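K.L.:
Residues in the sequence shown are numbered from 146 upward in steps of one, following this note's numbering.
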Amino acid sequence: MCLKEEVSMVNRMAATDIKFIAGVDVAYWEDEGIEWGVCSIIVIDYVTKAVIEETNSAGIIAVPYIPGYLAFRELPLVISAAKKLTHAPDLFMFDGNGYLHPRHMGIATHASFFLNKPTIGIAKSYLKIADAEFEMPESRVGSYVDIIINKEIYGRVLRTHQDVKPIFISCGNYIDLPTATTITEELINGESRLPIPVRLADLATKRNRGHLRNKKS
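(1) Who does R301 pair with in a DSSP beta bridge?
(2) Helix, strand or coil, according to DSSP, for D190 in the structure here?
(3) Look at the alpha carbon of V286 and the alpha carbon of L272, and state the distance between them as a whole number of angstroms.
(4) Between I163, M154, G204, which lies nearest to P234 when the distance is taken from Cα to Cα?
(5) Which of the three DSSP states, helix, strand or coil, is assigned to G178?
(6) Could you give the residue range of the alpha helix (DSSP H) that holds F237?
(7) Run through DSSP, which three-state label would T231 get?
(8) Using the rule of at least 16 other Cβ atoms within 10 Å of the residue's Cβ for burial, across every protein chain shown, is E219 buried or exposed?
(9) Can you check which of these residues, F165, E175, V169, is closest to G317 by C-alpha distance?
(10) Where does V223 sit, in a helix, a strand or coil, going by DSSP?
(11) Which partner residues of I205 appear in the DSSP bridge assignment?
(12) Below 7 Å between beta carbons: does that hold for G266 and F239?
(13) Let me know the secondary structure DSSP gives G168 once reduced to three states.
(14) Per DSSP, which one or two residues make a beta bridge with G266?
(15) G182: which of F279, D347, W174 sits nearest, CA to CA?
(16) Need the endpoints of the alpha helix (DSSP H) that F259 sits in, please.
(17) Indicate the three-state DSSP secondary structure (helix, strand or coil) for A195 in the structure shown.
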């Protein structure tokens, strides 16, 4: 079975039925020539935005870095951290891409088949595909431009703060782009251009990486 053929950009559930949303990120470091990684998952309440749970998983990264194949490096840690959750997220948001990927198989999409939940990719920068550039949206909050390659929508460039760099949204799986955009916008606060779960996961991986580095030194 080709996973790409199983990707569905149709909503599995209504946004109003979402209770918990998880942010997922992975950070790396090297120690004595060995590459390590740590995945952090932060679960928040969709309505109150309160943090409900955090899980982490660290380990040696066995797969070398190859552009476009990040999922193979991160997936084992993501699955390990997800298994530790005691609250079941209704949706996972990844610091990375989903459908906005040369093979439509970024980490947000790849992981969805193991998590069996809707996923969204939130990237801080653009992963260039087929030499295609993107148009910058207007500076006002909420403006966006779709990334269209060969007449197909791969993702969306969204401005979440005025005069601040945009973010790159893409469907992971089991969700459509308008819904992914709406949910993302509802999770933006004044502290970051990133949605709250992704920002908190990003901060957690950096914090945990620092602790693990110090422990090994």
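Heads up, the beta-carbon is just placed ideally off N, CA and C, and yes, glycines get one too.
This structure is a prediction, so every number in the text was calculated from the model and none was measured.
P.N.:
On the basis of the data shown:
(1) Residue 301 sits at position 156 when you count from the first residue of the sequence shown. The partner list for R301 (beta bridge, DSSP) reads D291, I314.
(2) Within the sequence shown, the letter at position 45 stands for residue 190. Strand.
(3) Here residue 286 refers to the residue found at position 141 of the sequence shown. Here residue 272 refers to the residue found at position 127 of the sequence shown. Taking the straight line from one Cα to the other gives about 22 Å.
(4) Your numbering for residue 234 matches position 89 in the sequence shown. For the residues I163, M154, G204, the minimum Cα distance to P234 belongs to I163.
(5) As a position in the sequence shown, residue 178 is number 33, starting the count at 1. In the structure shown, G178 sits in coil (DSSP, three-state: anything other than H, G, I, E or B).
(6) Locating residue 237 in the sequence shown gives position 92, where the first residue counts as 1. Per DSSP, F237 belongs to no alpha helix (DSSP H); it is in the beta strand (DSSP E), 236-240.
(7) For the purposes of this step, residue 231 is taken as residue 86 along the sequence shown, with counting starting at 1. Three-state result, T231: coil.
(8) For this step, residue 219 is matched to residue 74 along the sequence shown. Per the 10 Å Cβ criterion, buried.
(9) As a position in the sequence shown, residue 317 is number 172, starting the count at 1. Answer by Cα proximity: V169.
(10) By one-based count along the sequence shown, residue 223 stands at place 78. The answer is helix: DSSP assigns V223 an H, G or I state.
(11) Taking the sequence shown and counting its residues from 1, one reaches residue 205 at position 60. In the DSSP output, where bridge partners are listed per residue, I205 has W181.
(12) Locating residue 266 in the sequence shown gives position 121, counting from the first residue. Locating residue 239 in the sequence shown gives position 94, counting from the first residue. Taking 7 Å as the Cβ cut-off, G266 and F239 qualify as a contacting pair.
(13) In the sequence shown, the residue the question calls residue 168 occupies position 23. Secondary structure of G168 (DSSP, three-state): strand.
(14) Counting from one through the sequence shown, the residue named residue 266 turns up at place 121. Answer is F239, S315, bridged to G266.
(15) Numbered from 1 along the sequence shown, position 37 holds the residue referred to as residue 182. The residue with the shortest Cα to Cα distance from G182 is W174.
(16) In the sequence shown, the residue the question calls residue 259 occupies position 114. 252-260 is the extent of the alpha helix (DSSP H) around F259.
(17) Taking the sequence shown and counting its residues from 1, the one referred to as residue 195 is at position 50. A195 falls in the coil class under three-state DSSP.
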